[in-house]
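Top line first, the protein sequences correspond to chains A and B.
Numbering follows the numbering used here, with no gaps: position 169 of the first sequence is 180.
Numbering follows the numbering used here, with no gaps: position 35 of the second sequence is 914.
Glycine is no exception: its CB is placed at the ideal position from the N, C-alpha and C atoms.
One structure is given below, encoded as structure tokens.
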Amino acid sequence: MNKFFGIFILSLLFFSCSSDLDFDQANDLELKPVVVANLASFDIPANQFVIGGVEQPFVGDVMNFKVFNDPDFTNNLSRTDLYFEFDNTINRAFNINLYFLDANDAILYNIPIAIPAYTGSPNVVTKTEVFENAQLDILKQTQKIAFVIALMPGIPLTDSSLGSLKMRSSATIYFAAQ
Amino acid sequence: MRKFHLILILLVSLSCFSQNKQILYNFTSVPQSMLTNPGADVKYNWFVGFPLLSGIAANVGSSGFSVYDLFADNGVDFNTKLRNVVFSTSRNDKVSMNEQLEIFSGGFKLGDWQTNSYISFGMYQELDVLTYMPKDYAILLLDGNKDYLGKVFDMSDLNARGELLSVFHLGFHKKVSEKLILGARGKIYSSVFNVSSTKNSGYFYTIQGTNSVYDQVISANGLVNTSGFTNYIDNYSGNAKSDIMKKTFFGGNLGLGLDLGLTYYPKENLQFTASLIDIGFISHTKEIESYRWKGNYNYVGLTPDFILGNSNDILDEFNDAIPLDTLHTKYTTWRPLKFNSSIQYSFGDGRSSDCNCTGDKENKYTNSVGAQLFAMSTPRTPLMALTAFYRRQIFDSLEMKATYTVDSFSDKNIGLGLSTTLGKVNFYLLADNLLEFKDVSKANSLSFQLGLNIIFPNKNTPD
């Protein structure tokens, strides 16, 4: 009767096979997610450029932007595209500058964008900035972003001026982790 | 990157399975069958398990993919295989692992030969892991959200639990009438470590926006409870081995449990059994560390304020909206509750010529056929399994049970168990998914149990 038992155990051992496996393949793992996210947006009505009845030559704001400082985040970064889309319905042209600042407020990078005046037809300006390789270091050092909007010469704006200057922007972030 | 590897290894190794012990259940020539039904019709004068060898059981399963799917040495790029696995599984696919090792066990009959009351006791260590496929998290990790605008990522896809515990148990069963055997088993659990994150909810989506490029919303309500780990995280100076030993022997987080079971014979050759195993909880009070994140965040990006300069800081915004808290509050986990039931019809005269069964054997029948039902509670829908079985007394000293089981892991699970009693030494070996043994790497689940006992048989006559 022990034969039955023996046969059972032996058959388990002999008939059990396994295809060739290679667990070292796990080292080949590469993760390349691509993440899209909002970067910034604003919508400035024409009359906001007028303070106390006087048109301001430029407006601006400086904002903390430390997302790319986090080493966990940036160590696996391979590329970042920043996309900007402006829609100007004000009858004035603008020069917009985006400054990337480091911890000491020194300018690391500048994105200049010229926006033509609105003349009744659609007036959308887009721009995409690609950061790859060494340029990624600019993002990694960036602690603040400054938006500076300068009005180009033209008919002065008043409290009743129509239109607005809109911006939408997003980031497309390419990771490569191994 | 090591984090990713850890997650991956966890995913693969946690390919766990249910704790269905369909071959052992009601296989009454093996004393360990009492652990699946404290009211099993097991008779002995006394028995003792060989320490550490009386009950070794392991059970792994993965309903969505096999080891072969990921690690086949077939020239296909690993990343391709990983993608195939992620995209061919669903969030309800699970990986489970259960391992039990009996440290000691024994039992004896109470009173003299006329009584029919039995005590059984023992201690075993159990490792229990169940994790569901975190599908939406895996998609985010592999692809990000760029190509998934409009998809709602489900945060409840993170659903996993794992525990190492030891169980001390004491059971009693009694033949209360010619037809009915009732049994109960009390248990004390000592949890060495526990991780559980089974009640997460929330979502994350990105769609095209109007004022901003995207509408991005994250709503999260997550909680990971851990116990038994904190001492090892910071500046641990103790001896992990002796710590674990201490926790195994009642030094861990303690809990209580109860098993209930019965065997009923409506007719001599017709048997019905049922049991509830692990009606119990563990109260985690020591070495607790829990992580909770909860909140809603509608992410619009930077919104410069050109008038007042009150612009936002997106990192602060996020941390305020969905704070991550570390907690040290007690929590309770429920043991996975298992329900077993069987119906069995016996036939063939065990004392006829094709069996040399001798007088002291009580089995009147050589053959039995029947069906079993198994159910186990999980964080989502219960696991269910249906088994058809055939039992045969081949020789006086050899009993066989063959099973065919249908469950969510497999619809052609054939199992075979043998129990032999030579003299007073009982050895049993049970294995299921035998069809998968032709290539174990492609198996979705495998389990085996084996053990060695010394049994002094029941005596129904005075010496």
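Any C-beta of chain E under 9 Å from that of residue i
{"i": "A:Lys-138", "result": "Absent from the structure: chain E. Protein chains present are A and B."}
C-beta contact flag for residue i and residue j at 9 Å
{"i": "A:Ala-104", "j": "A:Gly-165", "result": "yes"}
{"i": "B:Ser-1320", "j": "A:Ser-30", "result": "yes"}
{"i": "B:Val-974", "j": "B:Leu-1020", "result": "no"}
{"i": "B:Leu-1043", "j": "B:Glu-981", "result": "no"}
{"i": "B:Ala-1281", "j": "B:Phe-1268", "result": "yes"}
{"i": "A:Leu-32", "j": "A:Ala-182", "result": "no"}
{"i": "A:Glu-96", "j": "A:Pro-167", "result": "no"}
{"i": "B:Ala-1039", "j": "B:Ser-1080", "result": "no"}
{"i": "B:Asp-1033", "j": "B:Tyr-1003", "result": "no"}
{"i": "A:Leu-112", "j": "A:Ile-55", "result": "no"}
{"i": "B:Gln-898", "j": "B:Pro-1215", "result": "yes"}
{"i": "B:Asn-977", "j": "B:Asn-938", "result": "yes"}
{"i": "B:Thr-1211", "j": "B:Phe-1160", "result": "yes"}
{"i": "B:Asn-1337", "j": "B:Asn-924", "result": "yes"}
CB contact check: residue i to chain A, cutoff 9 Å
{"i": "B:Phe-983", "result": "no"}
{"i": "B:Phe-950", "result": "yes"}
{"i": "B:Tyr-947", "result": "yes"}
{"i": "B:Asp-972", "result": "no"}
Inter-residue Cα distance where the pair is residue i and residue j
{"i": "A:Asn-106", "j": "B:Tyr-1178", "result": "27 Å"}
{"i": "B:Gln-979", "j": "B:Gly-1330", "result": "11 Å"}
{"i": "B:Ser-1326", "j": "B:Gly-1088", "result": "52 Å"}
{"i": "B:Ser-1247", "j": "B:Lys-1054", "result": "21 Å"}
{"i": "B:Asp-1286", "j": "B:Asn-1148", "result": "28 Å"}
{"i": "B:Tyr-1016", "j": "B:Ser-908", "result": "47 Å"}
{"i": "B:Tyr-1084", "j": "B:Asn-1100", "result": "15 Å"}
{"i": "B:Tyr-930", "j": "B:Asp-1311", "result": "Per the sequence presented here, residue 930 of chain B reads as Pro, with Tyr not at that position. Roughly 25 Å between the two C-alpha positions."}
{"i": "B:Asp-920", "j": "B:Tyr-997", "result": "10 Å"}
{"i": "B:Leu-1265", "j": "B:Gln-1251", "result": "6 Å"}
{"i": "B:Lys-1078", "j": "B:Ser-1324", "result": "26 Å"}
{"i": "B:Leu-1297", "j": "B:Thr-959", "result": "42 Å"}
{"i": "B:Leu-887", "j": "B:Ile-1123", "result": "Note that B:Leu-887 scores 42 on pLDDT, short of 50, meaning its location in the model is unreliable; the coordinates nonetheless yield the value given after this. For B:Leu-887 and B:Ile-1123, the distance between alpha carbons rounds to 26 Å."}
{"i": "A:Thr-169", "j": "B:Ile-1186", "result": "16 Å"}
{"i": "B:Leu-961", "j": "B:Ile-1293", "result": "29 Å"}
{"i": "B:Leu-1301", "j": "B:Ser-1289", "result": "35 Å"}
{"i": "B:Ser-1221", "j": "B:Phe-906", "result": "11 Å"}
{"i": "B:Lys-1058", "j": "B:Ile-1158", "result": "26 Å"}
{"i": "B:Glu-1278", "j": "B:Gly-1029", "result": "59 Å"}
{"i": "B:Asn-1235", "j": "B:Arg-1064", "result": "Residue placement at B:Asn-1235 is poorly supported in this model, since its pLDDT is 44, which falls under 50; the coordinates still yield a value, given next. Answer to the nearest angstrom: the Cα atoms are 36 Å apart."}
Buried versus exposed call for residue i [16 or more other C-beta atoms within 10 Å across all chains shown]
{"i": "B:His-1207", "result": "exposed"}
{"i": "A:Leu-109", "result": "buried"}
{"i": "A:Met-163", "result": "exposed"}
{"i": "B:Asp-1036", "result": "buried"}
{"i": "B:Val-1304", "result": "exposed"}
{"i": "A:Ala-117", "result": "exposed"}
{"i": "B:Leu-1309", "result": "buried"}
{"i": "A:Thr-139", "result": "exposed"}
{"i": "A:Ile-184", "result": "buried"}
{"i": "B:Pro-1013", "result": "buried"}
{"i": "A:Pro-44", "result": "buried"}
{"i": "B:Val-955", "result": "exposed"}
Option in the options with minimal Cα separation from residue i
{"i": "B:Ile-1193", "options": "B:Thr-1205, B:Tyr-1176, B:Leu-1187 and B:Leu-1203", "result": "B:Tyr-1176"}
{"i": "B:Ile-1333", "options": "B:Glu-1315, B:Tyr-1307, B:Lys-1317 and B:Asp-1318", "result": "B:Tyr-1307"}
{"i": "B:Pro-917", "options": "B:Asn-924, B:Gly-928 and B:Tyr-904", "result": "B:Tyr-904"}
{"i": "B:Asn-1104", "options": "B:Gln-898, B:Thr-1164 and B:Glu-1196", "result": "B:Thr-1164"}
{"i": "B:Gln-911", "options": "B:Arg-1270, B:Gly-1001 and B:Val-1031", "result": "B:Gly-1001"}
{"i": "B:Lys-1120", "options": "B:Leu-1135, B:Val-1071 and B:Arg-1064", "result": "B:Val-1071"}
{"i": "B:Asp-1204", "options": "B:Glu-1168, B:Asp-1022 and B:Pro-930", "result": "B:Glu-1168"}
{"i": "A:Thr-130", "options": "A:Asn-115, A:Lys-138, A:Asp-98 and A:Glu-143", "result": "A:Asp-98"}
{"i": "B:Leu-1137", "options": "B:Val-1046, B:Lys-1058 and B:Val-927", "result": "B:Val-1046"}
{"i": "A:Asn-102", "options": "A:Ala-117, A:Ala-187, A:Asp-92 and A:Pro-133", "result": "A:Pro-133"}
{"i": "B:Asn-1188", "options": "A:Val-70, A:Ile-62, A:Gly-64 and A:Ala-57", "result": "Per the sequence shown, the amino acid found at residue 1188 of chain B is Gly instead of Asn. It is A:Val-70 whose Cα lies nearest to the Cα of B:Gly-1188."}
{"i": "B:Asp-1022", "options": "A:Val-61, A:Ala-37 and A:Glu-41", "result": "A:Glu-41"}
{"i": "B:Met-1263", "options": "B:Asn-995, B:Lys-1217 and B:Asn-1337", "result": "B:Lys-1217"}
{"i": "B:Ser-1098", "options": "B:Lys-1014, B:Asp-1195, B:Ala-1153 and B:Pro-1202", "result": "B:Pro-1202"}
{"i": "A:Lys-77", "options": "B:Phe-1274, B:Asp-1195, B:Ser-1276 and B:Phe-1335", "result": "B:Asp-1195"}
Residue i at chain B interface by Cβ criterion, 9 Å
{"i": "A:Tyr-94", "result": "yes"}
{"i": "A:Met-163", "result": "no"}
{"i": "A:Val-46", "result": "yes"}
{"i": "A:Gln-36", "result": "yes"}
{"i": "A:Gly-71", "result": "yes"}
{"i": "A:Glu-41", "result": "yes"}
{"i": "A:Ile-118", "result": "no"}
{"i": "A:Leu-88", "result": "no"}
{"i": "A:Leu-158", "result": "The residue asked about is misnamed: residue 158 of chain A is Phe in this sequence, not Leu. Chain B, which has a Cβ nearer than 9 Å to the Cβ of A:Phe-158, makes this yes."}
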